[in-house]
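Chemist:
Residue numbers (this note's numbering), protein chains in the order written: chain A, 40 to 262; chain B, 137 to 252.
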């Protein structure tokens with residue numbers, strides 16, 4: 040599976056009509072493209088960090104399908120909509136979802152969290168490998184993470200040269216800001232990669248942390 | 137999860153002959169900043185307990201504490217909004233052979249900390 044994720048930030052004074060028109064455009068174009076297996080556009084919930092106002096998730100069978108869709112004439116409408124003055128900023132990533140754990144395939148009515156990160160240039164391959172291994176291992180200690188995916192970014196746009204996407208399904212925001220944040224595996228172990236004062240600091244402090252309500256998992260493949 | 141003490145241990149191996157100067161810089165330059173962010177300095181240990189000369193290195197260990205995970209995140213949040221929070225650590229790199237920072241608790245607190 041190949042995925043695109045877009046974090047869309049509106050200008051503060053963007054009119055409701057403009058926001059709605061953009062949303063309608065994205066939904067219509069995605070619905071018209073046979074390459075799009077699933078698409079989901081949702082408002083970002085409060086508490087995000089550089090997470091935008093809207094999150095747009097798109098699933099494709101593979102990268103070639105994604106490229107076909109993005110190169111299609113109809114997708115020009117998306118490009119134009121995202122380039123309008125009402126849009127203040129756009130972050131996005133394209134990635135093959137290679138590390139995926141679906142512990143709750145029937146997951147419904149919860150929260151999907153996306154974290155875009157940029158490992159700092161010059162970080163050694165050994166450090167990156169150690170970081171990735173620990174991220175992959177994190178969920179075993181945290182049953183509050185129902186489903187998760189950790190992927191290297193193929194193609195990123197926005198404020199940073201995004202390198203990785205960390206996605207999780209939670210039952211609710213309380214699980215994200217409670218058990219997930221406060222477990223020792225997070226604050227006393229994994230977080231050192233993000234901590235500017237740690238000897239293992241490798242992740243740029245500018246992150247894209249966003250989450251939205253979902254009816255069903257956006258990590259599970261389209262059925 | 138109750139209000140356990142969380143400890144932060146900085147372990148610095150000084151370049152030979154730099155132990156005392158590094159110790160002084162840590163106390164004079166870093167301790168006030170970290171204290172302001174909410175950490176309490178519990179110990180400042182030196183191994184061996186003398187300033188080595190020649191080709192040998194002192195190891196400096198600084199043990200900090202903060203009350204509770206929420207308190208720890210508060211300290212971290214204050215550091216991360218400071219764009220210069222990593223600068224001091226880069227400045228002292230020429231004085232270091234190596235360093236680590238570890239976050240820990242009393243072993244007796246493991247169960248309650250994991251009960252989130």
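Every residue, glycine too, gets a C-beta built ideally from N, C-alpha and C. Because the structure is a prediction, the values reported are computed rather than measured.
(1) With H, G and I counted as helix, E and B as strand and the rest as coil, what does DSSP make of residue 251/A?
(2) Starting from residue 236/A, find everything on chain E with Cβ-Cβ shorter than 8 Å and list it in chain order.
(3) Below 8 Å, can you find three or more Cβ-Cβ pairs linking the segment 96-107 of chain A to the segment 40-48 of chain A?
(4) Just checking my contact of residue 241/A with residue 146/A at CB under 8 Å: how many whole Å lie between their CB atoms?
(5) What is the DSSP secondary structure of residue 144/A, counted as helix, strand or coil?
(6) Sort out for me which residues DSSP pairs residue 79/B with in a bridge.
(7) Near residue 208/B, what residues of its chain come up, given a Cβ to Cβ distance below 6 Å and the 5 sequence neighbours on each side ignored?
(8) Run down chain B in chain order and give the residues with a C-beta less than 7 Å from the C-beta of residue 223/A.
(9) If contacts are defined as beta-carbon pairs under 8 Å, then residue 77/A and residue 142/A qualify, I think. What distance do you get, rounded to the angstrom?
(10) Measuring alpha carbon to alpha carbon, tell me which residue in 160/B, 167/B and 231/B is nearest residue 150/B.
(11) Which residues in chain A have a C-beta closer than 8 Å to the C-beta of residue 240/B? List them in chain order.
(12) Enumerated in chain order, which unbroken segments of the beta strand (DSSP E) with a length of 3 residues or greater are wholly contained in the segment 105-179 of chain A?
(13) Mind checking the segment 180-192 of chain A against chain B and listing, in chain order, the residues whose C-beta falls within less than 7 Å of any C-beta there?
(14) By a C-beta neighbour count over all protein chains shown, 10 Å radius and 16 as the cutoff for buried, is residue 178/A buried or exposed?
(15) Using a Cβ-Cβ cut-off of 7 Å (strictly less than) and excluding sequence neighbours within five positions of residue 191/A, which residues of its own chain qualify?
(16) Looking at C-beta atoms only, is the number of pairs between the segment 169-176 of chain B and the segment 194-201 of chain B that lie closer than 8 Å three or more?
Modeler: The short version:
(1) Residue 251/A sits at position 212 when you count from the first residue of the first chain. Strand at residue 251/A.
(2) In the structure shown, chain E cannot be found, because the protein chains are A and B.
(3) yes
(4) By 1-based counting over the first chain, the position of residue 241/A is 202. By 1-based counting over the first chain, the position of residue 146/A is 107. Not confirmed; about 31 Å, so no contact.
(5) To locate residue 144/A, count along the first chain from 1; it is residue 105. Three-state DSSP puts residue 144/A in coil, outside helix and strand.
(6) Residue coverage of chain B in this structure runs from 137 to 252, which leaves residue 79/B outside it and unanswerable.
(7) Translated into positions along the second chain, residue 208/B becomes position 72. Excluding positions up to five away in sequence, the list reads 142 and 202.
(8) Taking the first residue of the first chain as 1, we reach residue 223/A at position 184. Residues of chain B passing the Cβ test: 249 and 250.
(9) Along the first chain, read from residue 1 onward, the residue named residue 77/A stands at position 38. Along the first chain, read from residue 1 onward, the residue named residue 142/A stands at position 103. Contact flag wrong, Cβ pair sits at about 19 Å.
(10) Mapped onto the second chain, residue 150/B falls at position 14. Nearest option by C-alpha distance: 231/B.
(11) Your numbering for residue 240/B matches position 104 in the second chain. Those within 8 Å of residue 240/B in chain A are 227.
(12) 126-135, 139-141 and 147-156
(13) none
(14) As a position in the first chain, residue 178/A is number 139, starting the count at 1. So residue 178/A ends up on the buried side.
(15) Locating residue 191/A in the first chain gives position 152, where the first residue counts as 1. Result list for residue 191/A: 134, 202 and 203, in chain order.
(16) yes
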